[in-house]
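Q: In this note's numbering, the protein residues as written are 78 to 527.
Quick reminder that beta carbons are idealized off the backbone N, C-alpha and C, glycines included.
In this text the structure is predicted, and so the values were computed from the model without any measurement.
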Amino acid sequence: MEAAERDERRLSARHEAARLAAEGVRAVAISWVDNAGVSRVKTVPTSRLPQAAHRGVGMSPVFDVYTSDDAVATSPHIGGPDGDLRLLPDLERLTILAAQPGWAWAPADRYDQNGLPYPACQRQFARRMVRLAEAQGLEMRMGFETEWVVLKDDGTEGHAGRGPAYGLTRVAELSDYLLAVHDTLAAQGIEVLQLHPEYSPGQFEVSTVPADPVRAADELVLVRESVRAVSLAHGLRAAFAPVVVARQVGNGCHLHLSLRQNGRNLHRDPTAAHGLAATANIFLGAVLDAMPALCAIGAPSPASYLRLIPSHWAGVHRCWGIENREAALRLVLGEPDDLEGGHAELKPFDAAANPYLLVGSVIAVGLQGLDDGGPALPAPVSGDPAGRGDQERLPTSLGEALTHFERSGTLRAALGEALYGAVLAVRRAEAEALAEHSPEALAEATRWRW
Ligand code: GLU
Ligand code: MG
């Protein structure tokens, strides 16, 4: 980062710090997401935001090989006690936290001490991939769904609310709480599409409007921390883990995406089947093809595979279908007269994923497909693929997903050696550490990590 750019950042941070202070904000949380999907943070007093924006805040690179249980792995390029990185808050995403009075938050990009982009910075990886797509005239809109289970914060961890799945009863039971989630997100400028009770006891979901991929990842982080804070303020705890109670339907973190090219919505081609222009068809075909490897990024915990079971709406077969909620890729056609409509939903992913790694990886494999000229999407599948017996099952363990990941030259090249090595080290360490756990012990061990 050039000196002039740093100076400019310091100047705008001075304005921002004054604005925040006038609103009673006394501290800023500057966070980033590690390879195990855990948001890690440094906080600074609001008065030091200009320094943080100028030179960054120090943090060890060793966190890139932290596992979700805070153990430390080692990788070829990253690990050990030496070195330091600078967390630079993205001032454009600086947000006053409505449910944490006195606090603001900003996501960080990570740089080295010479001001050079850190090669293993996941957020910059995502941005790099977005720019690669843009260089081909391709614009992507993405959005995550956040699912969570509300438990009592009274030591019993009993479910809050007893109402049925998708039941209006749950809204009555947790009326103030759910309204506070709505209010908090609105106050933070996050536009909610819908918030509703989900299938499992105490489970809810919120989805937000699509945005550019990096922003979508930022918003996922912010939504989750907001739900967490609102929950705690109501004497509740929000569990986002892939599986909260073993053998129950888990928490997904589905990724929705749509494509445009040179101002054209690629989901509204009147000459193409399902309106899917050839470019979108190939992009999505390549994503579906790479889904087993993508599971190592989007379903990154051994606990992810407790959730990925057939007939649980988690999309565990490598197929796609129109509005098929059991396919890994659900194509949503939208209203025919909505010229902006149409998108795809990738269902196997969960909240243990680092959202920046995930959006960047999805773009990387999609772009590779376009380079290679395929594969396009195969024939769509209707009905539950579990009942058909002819559809490929996605990995059933993290180890299996890793085998596919290690075969993906595309992901390795896109991530770069340092980031690739760190991701692999973290996955292997988690797979090994949790290998002997029963489903119950695995759910218990991971319940509160994200
Ligand atoms: N909870 C389901 C999952 O594990 C998803 C339900 C839905 O389709 O939103 O992915
Ligand atoms: Mg859902």
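Within its chain, find whatever has a CB closer than 8 Å to the CB of E234; leave out the 5 residues flanking it on each side and keep chain order.
A: L228, R314
Q: Quick one: Cα of P379 to Cα of V393, how far?
A: 15 Å
Q: Please report how far the alpha carbon of E79 lies from the alpha carbon of I107, in whole angstroms.
A: One Cα belongs to E79, the other to I107, and the distance between them is close to 21 Å.
Q: Just the Cα atoms here: how many angstroms apart are Q604 and R83?
A: A question about residue 604 goes unanswered here, because the residues of the chain that appear run from 78 up to 527.
Q: From which residue to which residue does the alpha helix (DSSP H) around L126 run?
A: Its alpha helix (DSSP H) spans residues 126-132.
Q: For E224, count neighbouring C-beta atoms within 10 Å of its own C-beta (all shown protein chains included) and say buried if the count is 16 or more, exposed if not.
A: buried
Q: Using the Cβ count rule (16 or more neighbours within 10 Å means buried), how would you classify I399?
A: exposed
Q: Do three or more CB pairs link the segment 258-265 to the segment 128-141 at distances below 8 Å?
A: no
Q: Counting only the same chain and skipping the five closest in sequence on each side, list residues whose C-beta sits under 6 Å from that of A478.
A: C372, A373, P472
Q: In whole angstroms, what separates the C-alpha of V291 from that of N342?
A: 20 Å
Q: For S252, report the span of its alpha helix (DSSP H) as first-last.
A: 252-264 is the span of the alpha helix (DSSP H), which, as asked, contains S252.
Q: Spell out the partners DSSP gives F281 in its beta bridges.
A: W225, P274
Q: Kindly confirm or deny that the segment 259-277 and the segment 170-181 touch, where touching means at least three C-beta pairs closer than 8 Å.
A: In short, these stretches touch, since the Cβ pair count reaches three.
Q: According to the neighbour-count rule (16 or more other Cβ atoms, all chains shown, within 10 Å of its Cβ), is A249 buried or exposed?
A: exposed
Q: Counting pairs of Cβ atoms below 8 Å between the segment 406-420 and the segment 479-486, do you hit three or more?
A: No: fewer than three Cβ pairs fall under 8 Å.
Q: Would you check if the segment 299-309 and the segment 201-210 touch, i.e. whether three or more CB-CB distances between them fall below 8 Å?
A: no
Q: Report yes or no: do three or more beta-carbon pairs, one from the segment 485-505 and one from the segment 149-161, lie closer than 8 Å?
A: A contact exists between the segment 485-505 and the segment 149-161.
Q: For G240, which residues of its own chain have a beta-carbon under 6 Å away from its beta-carbon, when the five flanking residues on both sides are left out?
A: T246, R247, E250
Q: Hey, which unbroken runs of the alpha helix (DSSP H) at 4 residues or more fall wholly within the segment 169-227?
A: Listed in chain order, the complete alpha helix (DSSP H) runs (minimum 4 residues) inside the segment 169-227 are 199-212.
Q: Just verifying my parser: in three-state terms, what is the DSSP assignment at C396?
A: strand
Q: From the DSSP output, read off the bridge partner residues of I374.
A: Partner(s): none; I374 has no beta bridge.
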